[in-house]
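Same order as they appear, the protein sequences are chains A and B. Residue numbers for the first sequence, in the UniProt record's numbering: 1 to 255. Residue numbers for the second sequence, in the UniProt record's numbering: 1 to 255. C-beta: ideal position from N, C-alpha, C; glycine also. Heads up, the thing below is written out as structure tokens.
2 protein chains.
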Amino acid sequence: MPGAIQSLSRAAAILRLLAGGERRLGLSEVAAGLGLAKGTAHGILRTLQQEGFVEQDPESGKYQLGAELLRLGQSYLDVHELRARALVWADDLARAAGETVYLGVLHQRGVLVVHHVFRPDDSRQVLEVGSMQPLHATALGKVLLAYDPVARGELGDGPWEAFTARTVTEPAALDAQCALVRERGWADAVEETWEGVASVAALIRDRRRNPVGAVCASGAVETVCGPDGAVRPSLVASVRTAARAISRDLGAHRF
Amino acid sequence: MPGAIQSLSRAAAILRLLAGGERRLGLSEVAAGLGLAKGTAHGILRTLQQEGFVEQDPESGKYQLGAELLRLGQSYLDVHELRARALVWADDLARAAGETVYLGVLHQRGVLVVHHVFRPDDSRQVLEVGSMQPLHATALGKVLLAYDPVARGELGDGPWEAFTARTVTEPAALDAQCALVRERGWADAVEETWEGVASVAALIRDRRRNPVGAVCASGAVETVCGPDGAVRPSLVASVRTAARAISRDLGAHRF
DNA sequence: GAACACCGGTCGACGATGCCGACCGCGATG
DNA sequence: CATCGCGGTCGGCATCGTCGACCGGTGTTC
């Protein structure tokens with residue numbers, strides 16, 4: 001594979017830099033952050049600004065991400081076949097399970113949430129479409145890891161960040177869990193990401209039976225798990241059924 | 001202003017092209033669509049793919065937008081100051097008015113929705129954050145046009161697309177409406193975009209009193225308008241109060 | 001208040017770099 | 001089985017992006 005276009009890679013790095021830092025960044029900060037000459041960084045920023053990918057605060061002269069990215073991100077969702085097919089099934093699952101439903105795909109070293117159905121009660125909830133979740137500490141992530149050796153390889157050997165006392169941080173434990181996931185056909189994560197929150201996830205395959213994403217039902221431990229502390233079998237069944245339905249919708253007819 | 005970086009502008013054009021066409025596009029289609037040599041288009045696409053801005057269907061070899069755009073779009077929302085300040089006010093407005101609330105900013109030749117609060121009932125609704133609305137046929141758009149001569153200039157002389165029988169399509173009529181908006185301090189759009197839907201919008205200013213966006217309450221004609229066919233004054237008051245509150249939050253202290 | 005440091009932005013020369021069009025292998029198609 | 005069109009590659013040429021010095025304004029410090 002021949003090399004990449006230098007200016008484009010640099011522009012992408014600038015966008016990621018702006019996305020990472022919480023606040024706006026000045027020209028010099030951007031240039032220093034990527035080891036570029038100021039003139040070079042300025043040329044790229046100027047072009048990104050013209051295209052709407054970056055905006056400049058006229059007062060301070062600092063840069064931040066631009067609106068065009070939001071528009072293109074929405075277009076990404078519009079074209080996304082998995083998401084389109086899964087919309088109705090995710091809705092059904094949320095209603096049947098009475099829990100929040102996420103649809104996630106592998107992206108870089110995490111899970112990107114491409115769809116989110118609120119738990120069907122009136123509690124205040126924020127939409128998490130477009131946000132990333134860790135691979136090692138969520139049900140979505142463990143499902144995707146279990147069926148994607150490449151992603152597992154890229155994740156390295158840890159130890160990974162512990163979000164709660166129950167987060168899996170060691171490679172041996174994670175690989176054991178992944179083996180279990182493959183054996184059972186579903187993954188759970190009980191208080192591994194947030195205290196009090198438990199999730200169940202199952203894999204979605206496309207027409208060539210390749211893994212393309214995962215569905216997940218998530219909610220309070222008290223409702224997701226039974227009195228024995230294990231995930232309620234009926235919830236597992238609902239999630240697996242939804243995953244199968246979406247896979248079939250994508251063309252994976254044979255099981 | 002010196003010229004833009006060629007490869008970057010071309011990459012942006014490719015992304016817009018992919019966002020516009022509903023389906024995936026092949027390399028040759030992309031090259032032809034922008035008048036580029038195939039090799040050139042391929043180099044840009046390859047780089048965009050490495051950076052995650054574009055994905056390639058391994059089966060057909062066709063290209064579509066990539067997941068990184070969704071992630072960056074979300075980051076745009078995270079940093080967006082107007083949106084952050086407006087979140088709580090928009091929520092209050094939706095509850096008080098009992099209608100859907102939109103928050104929009106000017107982008108290119110339309111209104112980009114940066115926040116959306118569902119009407120507080122249990123009806124099925126789809127999130128429209130990231131979508132675009134026409135300037136000439138929505139309350140949000142007319143508010144932004146009324147206070148931004150540049151945007152009005154860029155819109156040209158019409159006639160614009162008619163979405164319903166009541167859509168304003170002629171420049172004279174639109175300019176008259178804009179004058180009215182400036183005089184009253186708010187805009188309405190009754191069945192100008194969709195049959196049966198009416199909206200009220202008011203302007204949001206930043207600390208230098210420059211227009212930066214608009215809030216809008218939108219719902220069925222029967223609930224938004226009174227028996228005389230005009231928008232209910234109490235709803236207008238709620239929207240204007242919300243707009244003032246957000247503006248004040250942004251630092252526009254003096255009125 | 002003057003010297004200073006630092007900012008965003010510009011400029012022009014140099015040469016690395018991205019552009020182009022011919023070419024390749026493959027799969028679909030008749 | 002020949003043909004067409006596809007995505008992808010390659011190498012030479014000159015264009016285009018890069019770099020570091022430089023400018024004017026602003027806020028800071030002593």
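DSSP three-state label for tryptophan 186 of chain A, please. DSSP places tryptophan 186 of chain A in coil when its eight states are reduced to three.
Locate the beta strand (DSSP E) running through threonine 100 of chain A, then write down its first and last residues. 100–107 is the span of the beta strand (DSSP E), which, as asked, contains threonine 100 of chain A.
Would you say threonine 100 of chain B reaches chain A, if we count a Cβ-Cβ gap shorter than 9 Å as a contact? Look at threonine 100 of chain B: its C-beta is not under 9 Å from any C-beta on chain A.
Boundaries (first-last residue) of the alpha helix (DSSP H) holding residue 277 of chain A: The shown model of chain A, from 1 to 255, leaves out residue 277 of chain A, and the question about it has no answer.
Thinking just about the alpha-carbon of each residue, which of B/Arg23, B/Asp148, B/Ala90 is nearest to the one in serine 247 of chain B? Taking each of B/Arg23, B/Asp148, B/Ala90 in turn and checking the Cα distance to serine 247 of chain B, the smallest one comes out for B/Ala90.
Using the C-alpha atoms, what's the distance from aspartate 188 of chain B back to alanine 139 of chain B? Each residue's Cα considered, the two are about 5 Å apart.
My output table needs one value for glutamate 55 of chain B: the three-state DSSP class, helix, strand or coil. Correct three-state label for glutamate 55 of chain B: strand.
Under DSSP, the beta strand (DSSP E) around residue 256 of chain A begins and ends at which residues? No answer is possible for residue 256 of chain A: the residues shown for chain A start at 1 and end at 255.
If the cut is a Cβ gap below 9 Å, which residues of chain B does serine 9 of chain A touch? Per Cβ cutoff of 9 Å: Thr47, Gln50, Glu51.
Looking only at C-alpha atoms, which of A/Val197, A/Gly66, A/Ala162, A/Glu51 sits nearest to isoleucine 5 of chain B? The shortest C-alpha separation from isoleucine 5 of chain B is found at A/Glu51.
Simplified DSSP assignment, three categories, for leucine 112 of chain B: Secondary structure at leucine 112 of chain B: strand, using DSSP grouped into helix, strand and coil.
Can you give me the Cβ contacts of threonine 169 of chain A inside the same chain, cut-off strictly under 8 Å, excluding the 5 residues immediately before and after it? Cβ neighbours of threonine 169 of chain A beyond the five flanking positions: His136, Gly158, Pro159, Trp160, Glu161, Ala162.
Give me the subset of the stretch 127–147 of chain B whose CB atoms are less than 7 Å from a CB atom of chain A, sorted by chain position. Cβ contacts with chain A come from Leu127, Gly130, Ser131, Met132.
Determine the chain B residues that contact leucine 112 of chain A at a beta-carbon separation under 7 Å, and present them in chain order. Within chain B, the residues near leucine 112 of chain A are Ala67, Leu70, Arg71.
Of the residues B/Gly196, B/Leu250, B/Arg209, the one placed nearest residue 258 of chain B, counting alpha carbons only: With chain B represented from 1 up to 255, any question about residue 258 of chain B goes unanswered, as that position is not in the structure.
Using C-beta distances below 7 Å, list every residue in its chain close to isoleucine 44 of chain B, excluding the 5 sequence neighbours before and after it, in chain order. A distance below 7 Å between beta-carbons, with the five flanking residues on each side excluded, links isoleucine 44 of chain B to the following residues of its chain, in chain order: Ser7, Arg10, Ala11, Ile14.
So is lysine 142 of chain A buried or exposed if we call it buried at 16+ other beta carbons inside 10 Å? Only buried fits lysine 142 of chain A, as 16 or more other CB atoms lie within 10 angstroms of its CB.
Going residue by residue through the stretch 20–56 of chain B, where are the continuous beta strand (DSSP E) segments of at least 3 residues, counting only ones entirely within it? Complete beta strand (DSSP E) runs here, min 3: 54–56.
Identify which residue in A/Leu127, A/Ala19, A/Ala37 has its Cα closest to the Cα of leucine 27 of chain A. When only C-alpha atoms are compared, the closest one is A/Ala37.
May I have the straight-line CA-CA distance separating threonine 40 of chain B from alanine 31 of chain B, to the nearest angstrom? Their Cα atoms are separated by approximately 8 Å.
Which bits of chain B does glycine 43 of chain A rub up against, with CB to CB less than 7 Å? Within 7 Å Cβ-Cβ: Ile5.
Per DSSP, valine 231 of chain B forms a beta bridge with which residues? Paired residues: B/Cys225.
Apart from the five residues on each side of it in sequence, which residues of its chain come closer than 6 Å, Cβ to Cβ, to serine 199 of chain A? Within the same chain, Ala139, Ala189, Cys216, Ser218 come within 6 Å of serine 199 of chain A by CB-CB distance, once the 5 residues on both sides are set aside.
If we call anything under 9 Å between Cβ atoms a contact, is tyrosine 102 of chain B one with leucine 69 of chain A? In this structure, leucine 69 of chain A does not lie closer than 9 Å to tyrosine 102 of chain B by Cβ.
Is the beta carbon of methionine 132 of chain B less than 9 Å from the beta carbon of valine 114 of chain B? When the beta-carbon positions are compared, methionine 132 of chain B and valine 114 of chain B stay at least 9 Å from each other.
Report yes if the CB atom of arginine 109 of chain A is closer than 9 Å to the CB atom of alanine 173 of chain A, and no otherwise. Not a contact, by the Cβ cut-off of 9 Å.
DSSP beta-bridge partners for cysteine 216 of chain B? Answer is B/Tyr102, B/Ala201.
With a CB to CB cut of under 6 Å and the five nearest residues on each side skipped, what residues in its chain are close to alanine 176 of chain B? If you ignore the 5 residues before and after alanine 176 of chain B, its C-beta comes within less than 6 Å of no other C-beta in its own chain.
Go through its chain and collect everything with a Cβ distance to arginine 232 of chain B's Cβ below 8 Å, but skip five positions before and after it. Scanning its chain for C-beta atoms nearer than 8 Å, with the 5 sequence neighbours on each side dropped, one finds around arginine 232 of chain B the residues Val224, Cys225, Gly226, in chain order.
For a test of the three-state rule: what should DSSP assign to proline 149 of chain A, helix, strand or coil? Residue state, collapsed to three classes: helix.
Along chain B, which residues have their Cβ under 7 Å away from the Cβ of leucine 77 of chain A? Result: Leu70.
Residue from A/Arg166, A/Arg85, A/Ser234 whose Cα sits closest to the Cα of valine 212 of chain A: It is A/Arg85 whose Cα lies nearest to the Cα of valine 212 of chain A.
Can you tell me which of the three DSSP states valine 168 of chain B falls into? Valine 168 of chain B: coil per DSSP, three-state reduction.
Which residues mark the beginning and the end of the alpha helix (DSSP H) in which glutamine 74 of chain A is found? That run of the alpha helix (DSSP H) goes 67–79.
Which word fits arginine 83 of chain B, buried or exposed, when buried means at least 16 other C-beta atoms lie within 10 angstroms of its C-beta? Buried, since its Cβ has 16 or more Cβ neighbours within 10 Å.
With leucine 93 of chain A and serine 234 of chain A assumed to form a contact (beta carbons below 8 Å), what rounded beta-carbon distance in angstroms separates them? Your pair leucine 93 of chain A and serine 234 of chain A does not check out as a contact, with CB atoms roughly 12 Å apart and the cut at 8 Å.
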